[in-house]
Amino acid sequence: MTDLRRRFVAEIERETGPLPPALADAFGAVPREVFVGGGFQRRDGKWATPGMPGFLQTVYSDNVLVTKLADGLPVSSSSQPSLMAIMLTALDVRPGDRVLEIGTGTGYNAALLSRLGASVTSVDVQPDVAAQARDALKLAGVQDVRLLVGDGYLDAGPDFDRVIVTVGVAGVSPHWLSQSRPGLVVVPVEHAGTHPVLAVTGTADGPVTGSVICPSGFMTAAGPLTAQHGTSHPAPTAALTALKEATPPRWAEPLTSLRYRDLWYAAGIWSTRATHAALPDHQQNAVALLDPAGTGGAAILPDGSVLAGGPDAADRTDEANNILDRWESAGRPPMQAWQITLSRTPDPRYPLWTPTSWQLR
Ligand SMILES: C[S@@+](CC[C@H](N)C(=O)[O-])C[C@H]1O[C@@H](n2cnc3c(N)ncnc32)[C@H](O)[C@@H]1O
30 MTDLRRRFVA EIERETGPLP PALADAFGAV PREVFVGGGF QRRDGKWATP GMPGFLQTVY
90 SDNVLVTKLA DGLPVSSSSQ PSLMAIMLTA LDVRPGDRVL EIGTGTGYNA ALLSRLGASV
150 TSVDVQPDVA AQARDALKLA GVQDVRLLVG DGYLDAGPDF DRVIVTVGVA GVSPHWLSQS
210 RPGLVVVPVE HAGTHPVLAV TGTADGPVTG SVICPSGFMT AAGPLTAQHG TSHPAPTAAL
270 TALKEATPPR WAEPLTSLRY RDLWYAAGIW STRATHAALP DHQQNAVALL DPAGTGGAAI
330 LPDGSVLAGG PDAADRTDEA NNILDRWESA GRPPMQAWQI TLSRTPDPRY PLWTPTSWQL
390 R
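Numbering (the numbering used here) for the sequence shown: 30 to 390.
The following block contains the structure:
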């Protein structure tokens with residue numbers, strides 16, 4: 030293992046805690062730079078290419094590397110390594126497992142899965158992205174990954190032991206669930222404008238249940254995987270301006286960002302109006318309960334204060350305070366404490382299994 034990769038594994042472990050030895054070996058062995066050989070967007074917006082000063086240092090850091098943009102928005106990337114590590118740990122791959130990956134992207138995650146001994150099928154909807162991943166896998170000497178170009182919603186072949194989805198979706202495709210035995214699907218499913226990663230088990234005919242592994246900021250999938258359904262939350266918004274303080278802070282010590290995500294998750298359970306809102310006037314992002322027009326509502330901040338605006342401000346403030354009361358009286362549960370039941374949407378062409386009820390474990 031090179032020094033750079035040894036430090037990389039240590040940086041990942043600072044976020045995740047000790048990795049299973051096989052996974053630490055995989056991060057230490059697979060050359061990430063080969064999978065971003067076409068470069069990536071730096072934080073300052075410029076394009077980093079191999080050979081530039083600092084290129085390898087950024088490749089071997091705990092950062093998402095955006096490798097393709099369309100109309101200025103990221104449409105493919107190599108995900109944040111610590112998030113990949115948490116998802117791969119939850120996937121609990123054993124040598125010989127047949128694993129389906131949705132969202133090949135750079136191919137780096139597929140290469141890690143292959144190093145873990147899985148027999149990997151990986152699907153990406155963008156032909157050029159898949160072609161680059163194919164070249165990178167070849168260059169890295171990874172031979173046993175089957176790459177498919179197409180929509181990951183669709184049937185990718187016979188039953189898999191495990192499915193890992195590396196793009197944000199609205200629900201679980203029935204094609205990812207085995208007909209015969211409960212498999213495991215690790216999947217970021219939309220909830221209140223973000224994509225918490227779920228561990229879902231069940232068969233194609235149900236029942237299907239799950240629990241939350243961790244928060245995530247995955248980009249959203251193309252096609253039927255992001256269809257709106259009966260319990261969809263509103264899309265994230267940047268339109269909430271001119272909000273005023275409606276309720277003062279509850280807590281002298283604001284919630285840490287992880288604990289705030291726990292409150293955010295509960296808000297998404299208790300309100301179908303909850304979504305991710307950028308609050309330009311307050312220079313932060315928050316969970317907000319939108320009014321029907323989507324331009325006003327109430328935002329809950331990490332110190333428990335509520336900002337509100339628009340014609341429904343009073344009602345949405347009450348709703349926000351009810352959520353805060355409920356979360357506190359439930360003992361401020363972490364997102365991982367919820368047992369989730371998923372139901373099949375009635376869409377005749379592209380049904381999805383989506384979260385519909387939650388119970389504290
Ligand atoms: C965050 S990247 C995946 C990261 C990747 N696993 C890696 O290791 O680099 C998300 C990928 O999902 C793909 N994608 C988006 N919608 C999809 C869909 N409906 N089916 C399959 N792939 C999809 C995008 O083209 C993009 O390459």
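Cβ atoms here follow ideal geometry from the backbone N, Cα and C, with glycine treated the same way.
### Task
Look at the alpha carbon of Thr255 and the alpha carbon of Gly200, and state the distance between them as a whole number of angstroms.
8 angstroms
#### Entry: Nearest neighbour of Arg355, chosen from Asp91, Ala296, Gly125 [CA to CA]
Ala296
### Query
Which value, in whole angstroms, describes the spacing of the CA atoms of Gln368 and Ser386?
8 angstroms
### Own chain residues within Cβ distance below 6 angstroms of Val158, not counting five before or after
Ser105
### Query
For Ala53, which residues of its own chain have a beta-carbon under 6 angstroms away from its beta-carbon, when the five flanking residues on both sides are left out?
Excluding residues within five positions, the ones whose Cβ falls inside 6 angstroms are Val38.
### Query
Under a Cβ-count criterion, where at least 16 other Cβ atoms within 10 Å of its own Cβ denotes burial, should Gly246 be classed as buried or exposed?
exposed
### Query
Closer than 7 angstroms: is that where the CB of Phe84 sits relative to any heavy atom of ligand 1?
no
### Task
Could you work out which residue in Leu389, Ala349, Glu130, Gly74 is closest to Thr276 when comparing CA atoms only?
Ala349
### Query
Taking contact to mean at least 3 C-beta pairs separated by less than 8 angstroms, is the segment 301-309 in contact with the segment 209-225?
As far as the Cβ criterion goes, the segment 301-309 touches the segment 209-225, which means the pair count is three or higher.
### Under the three-state DSSP convention, the category Ala199 falls into
coil
### Query
Are the segment 187-204 and the segment 377-385 touching, with three or more C-beta to C-beta distances below 8 angstroms?
yes
### Query
Just the Cα atoms here: how many angstroms apart are Thr96 and Ser107?
7 angstroms
### Query
Using a threshold of 7 angstroms, is the CB atom of Val214 nearer than that to any non-hydrogen atom of ligand 1?
No, the beta carbon of Val214 sits no closer than 7 angstroms to any heavy atom of ligand 1.
### Query
In angstroms, rounded to a whole number, what distance separates the CA positions of Arg288 and Leu336?
Taking the straight line joining both Cα atoms gives about 19 angstroms.
### Query
Taking the alpha carbon of Thr31 as the point to measure from, which residue in Ile41, Tyr89, Glu44 has its own alpha carbon closest?
Tyr89
#### Entry: CB-CB length for Asn92 against Gln109, believed under 8 angstroms
6 angstroms
### Message
Just checking Met248 against ligand 1 - is the residue's beta carbon closer than 7 angstroms to any of the ligand's heavy atoms?
### Response
yes
### Query
Cα separation between Gly212 and Val192?
8 angstroms
### Message
Please return the same chain residues whose Cβ sits closer than 6 angstroms to the Cβ of Gly136, not counting the five positions on each side in sequence.
### Response
Phe64, Ala162, Ala165, Leu166
### Query
Terminal residues of the continuous beta strand (DSSP E) containing Thr385?
382-389
### Task
Identify whether Pro362 lies in helix, strand or coil by the three-state DSSP scheme.
Note: Pro362 maps to coil in three-state DSSP.
### Query
What is the residue span of the beta strand (DSSP E) that Arg43 lies within?
Not the beta strand (DSSP E): Arg43 falls in the alpha helix (DSSP H), residues 32-45.
### Message
On a Cα-Cα basis, can you pick out the residue from Gly132, Leu330, His311, Asp332 that is closest to Ala160?
### Response
Gly132
### Task
Ignore the nearest five residues each way along the sequence and tell me which others in Leu353's own chain have a CB closer than 7 angstroms to its CB.
Arg279, Ile329, Gly333
### Rounded separation between Gly360 and Leu284 - CA only
14 angstroms
### Query
How about Ile242: is its Cβ closer than 7 angstroms to a heavy atom in ligand 1?
no
### Query
Which full runs of the alpha helix (DSSP H) of 4+ residues lie inside the segment 71-126, going along the chain?
84-88, 110-120
### Task
Classify Trp367 as helix, strand or coil using the three-state DSSP reduction.
strand
### Task
Could you spell out where the beta strand (DSSP E) holding Ser151 opens and where it closes?
148-153
### Query
Roughly how many angstroms lie between the CA atoms of Pro377 and Pro253, to the nearest whole one?
12 angstroms
### Message
Please classify Leu205 as buried or exposed, where buried requires at least 16 neighbouring CB atoms within 10 angstroms.
### Response
Looking at the sequence itself, residue 205 is Trp, so the reference to Leu does not match. Looking at its Cβ environment, which holds 16 or more other Cβ atoms inside 10 Å, Trp205 is buried.
### Task
Look up Ala140 in the DSSP assignment and give the residues it is bridged to.
According to DSSP, Ala140 bridges with nothing at all.
### Task
Flag Gly186 as yes when its Cβ comes closer than 7 angstroms to any non-hydrogen atom of ligand 3, and as no otherwise.
The model on display carries ligand 1 but not ligand 3.
### Query
Taking the alpha-carbon positions, what's the Ala264 to Ala307 distance?
12 angstroms
### Task
Measure the Cβ-Cβ separation of Leu142 and Val128 and say whether it is below 8 angstroms.
yes
#### Entry: Backbone CA spacing between Leu168 and Gly259 [nearest angstrom]
45 angstroms
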